[in-house]
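Enquirer: Quick note: the sequence shown, position 398, residue 398 per full-length UniProt numbering, numbers continuous. Glycine included, every Cβ here is placed at the ideal spot set by N, Cα and C. Let me give you the structure first, and then I'll get to my questions.
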Amino acid sequence: FLYIKQEQEEPLSSEEGQQLNGLQEADLNRLPFTIVTVKTEDDEEKPQCSYRHQSQTEDFTQTVWQEPLSDSGPETEMGGIAWKESRVPESEFVGDVCVKTFTQQDNQKRQTRGEKSLACGVCGKTFSCNTHLKRHMTVHTGEKPFSCEACGKRFGLEFTLKTHMRVHTGEKPFGCEDCGKTFSRNTHLKNHMRVHTQEKPFSCDACGKTFKFKYSFKVHMRVHTGERPFGCSVCGKGFTEHEGLKRHMRIHTGEKPFGCDICGKRFGHQNEHLRVHTGETPFGCDACGKRFRVHFTLKRHMRVHTGEKPFVCVDCGKTFSSNTHLKTHTRVHTGEKPFGCGVCGERFAQQGVLKSHMRVHTGEKPFGCAVCEKRFRQQNTLKRHMSVHTGEKPFSCGICGERYTRQGSLKRHMRVSRGRKLL
Numbered sequence: 001f002l003y004i005k006q007e008q009e010e011p012l013s014s015e016e017g018q019q020l021n022g023l024q025e026a027d028l029n030r031l032p033f034t035i036v037t038v039k040t041e042d043d044e045e046k047p048q049c050s051y052r053h054q055s056q057t058e059d060f061t062q063t064v065w066q067e068p069l070s071d072s073g074p075e076t077e078m079g080g081i082a083w084k085e086s087r088v089p090e091s092e093f094v095g096d097v098c099v100k101t102f103t104q105q106d107n108q109k110r111q112t113r114g115e116k117s118l119a120c121g122v123c124g125k126t127f128s129c130n131t132h133l134k135r136h137m138t139v140h141t142g143e144k145p146f147s148c149e150a151c152g153k154r155f156g157l158e159f160t161l162k163t164h165m166r167v168h169t170g171e172k173p174f175g176c177e178d179c180g181k182t183f184s185r186n187t188h189l190k191n192h193m194r195v196h197t198q199e200k201p202f203s204c205d206a207c208g209k210t211f212k213f214k215y216s217f218k219v220h221m222r223v224h225t226g227e228r229p230f231g232c233s234v235c236g237k238g239f240t241e242h243e244g245l246k247r248h249m250r251i252h253t254g255e256k257p258f259g260c261d262i263c264g265k266r267f268g269h270q271n272e273h274l275r276v277h278t279g280e281t282p283f284g285c286d287a288c289g290k291r292f293r294v295h296f297t298l299k300r301h302m303r304v305h306t307g308e309k310p311f312v313c314v315d316c317g318k319t320f321s322s323n324t325h326l327k328t329h330t331r332v333h334t335g336e337k338p339f340g341c342g343v344c345g346e347r348f349a350q351q352g353v354l355k356s357h358m359r360v361h362t363g364e365k366p367f368g369c370a371v372c373e374k375r376f377r378q379q380n381t382l383k384r385h386m387s388v389h390t391g392e393k394p395f396s397c398g399i400c401g402e403r404y405t406r407q408g409s410l411k412r413h414m415r416v417s418r419g420r421k422l423l
């Protein structure tokens, strides 16, 4: 350990003055440098050490008393304590050893100038004062000396513990001036303000998409990297975020924690089901004006106008605008028919077809004609029927130009035309 005693304001004796003058005249560059750890009184571990500043030369020098480190180099005996003259390098850290100390005034000057000259010996991160550096070191040491009395959770910083306590007290001291919403942390308030300012400071270099929050940006980047760090322990399916995994796990557990107060239906995750009852459709298409209950449905609808079909069948190359349509299509190749009728046992590849089939047994005809009040089991049948009233004939023969209200009628006509040609 080092013993350092500050004697900057004490006048030098004549004997000490002669001794220092002698050192000044000598070639100081030949003196061996001794790297020593010097800490301030603010540090938790206070080694018995001191230093003396000298402005005798242009270079900054220190006189450091310490126990002898080696037999080499000029040494002097002062009260039984060996000392060496050492010149402090420009860098404040050599390897993982600090060679410079700072007073509180030094820290304040650096913070005023915006300097960050204190570096972490482990990761190289820089700081403007000793307190910030010491606080940062707990990241590497894993030390968590501060404990929550309510839940037992431990923290590396007292400030973090104080912030955590607001979880138990419910205190939210940071309020939004625009909407009055309150937050337990100032950081959360700053993030929230981007909702009002529409600021999106995080931009994706791959696709140019911008984000309000850093976390959203990080999750988005996994779309490009393919990273799915959250995996299901039951089926192995991977997810880009933990929340997605939590929702997925309810498929296996059958948990449905969210319930509708109106119809009693329960769900595995929060959704826009209430809009079914209210009729609210807040998301509108700028191209055709069609409105939707869910934003995702609007995004999928926009592909009708853009023609985008990002989902490709690996068997035949056919493309689709939605992943659901692709999954349904793949059953053409696999022959899978997962939906079965509980009455007659007939099986279907699509759930919608099964629902339509069930009306054969129930006799339900939910689609009615507004002109003649005739009713139909399927909406497509109603559409075909409407051409009887409108006179519309959308199907035409490419050979003779004759038009028909139904595609089946056109097909029959084409067979007759081919038969005549053969004769």
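Figure out for me which residue from 353, 384, 293, 160 has the closest Cα to the Cα of residue 368.
Expert: Among 353, 384, 293, 160, the Cα nearest to that of residue 368 is on 384.
Enquirer: Pick out the complete beta strand (DSSP E) segments inside the UniProt domain "C2H2-type" (202 to 229), 3 residues or longer, and give them in chain order.
Expert: none
Enquirer: Check each candidate in 387, 358, 348, 267 and name the one with the smallest Cα separation from residue 378.
Expert: The residue with the shortest Cα to Cα distance from residue 378 is 358.
Enquirer: Going by C-alpha distance, which of 414, 212, 194 is nearest residue 202?
Expert: 212
Enquirer: For the ligand MG, I want to know if residue 406 counts as a neighbour, meaning its beta carbon is within less than 7 Å of at least one of the ligand's heavy atoms.
Expert: What this structure holds is no ligand at all, so the ligand MG is not there to describe.
Enquirer: Evaluate residue 130 with the Cβ neighbour count: other Cβ atoms within 10 Å of its Cβ, from every protein chain shown; 16 or more gives buried, anything less gives exposed.
Expert: Buried is the call here.
Enquirer: Please go through the same chain and pick out, in chain order, the residues whose beta-carbon is closer than 8 Å to the beta-carbon of residue 252, but skip the five residues on each side of it.
Expert: Once the five neighbours on either side are set aside, the close Cβ partners of residue 252 are 232, 234, 235.
Enquirer: What's the gap between the Cα of residue 289 and the Cα of residue 278?
Expert: 20 Å
Enquirer: For residue 394, does the count of other Cβ atoms within 10 angstroms reach 16, so buried, or fall short, so exposed?
Expert: exposed
Enquirer: For residue 267, collect the residues of the same chain with a Cβ closer than 7 Å to its Cβ; drop the 5 residues on either side in sequence, then sort them by chain order.
Expert: 256, 258, 273
Enquirer: Going by DSSP, what residue range makes up the alpha helix (DSSP H) through residue 251?
Expert: 242 to 253
Enquirer: Can the beta-carbon of residue 210 be found less than 8 Å from the beta-carbon of residue 200?
Expert: Taking 8 Å as the Cβ cut-off, residue 210 and residue 200 qualify as a contacting pair.
Enquirer: If you compare alpha carbons, which of 191, 417, 382 is closest to residue 406?
Expert: 382
Enquirer: Taking only three categories from DSSP, how would you classify residue 182?
Expert: For residue 182, the three-state secondary structure derived from DSSP is strand.
Enquirer: Name the one or two DSSP bridge partners that residue 298 has.
Expert: Its beta-bridge partners do not exist; DSSP assigns none.
Enquirer: Going by C-alpha to C-alpha distance, which of 310, 280, 304 sits closest to residue 426?
Expert: The question about residue 426 has no answer, for the chain in this structure spans 1 to 423.
Enquirer: Roughly how far, in whole angstroms, is the beta-carbon of residue 240 from the beta-carbon of residue 228, given that I think they are within contact range, below 8 Å?
Expert: 6 Å
Enquirer: For the pair the stretch 143 to 155 and the stretch 117 to 134, tell me if three or more CB-CB distances fall below 8 Å.
Expert: no
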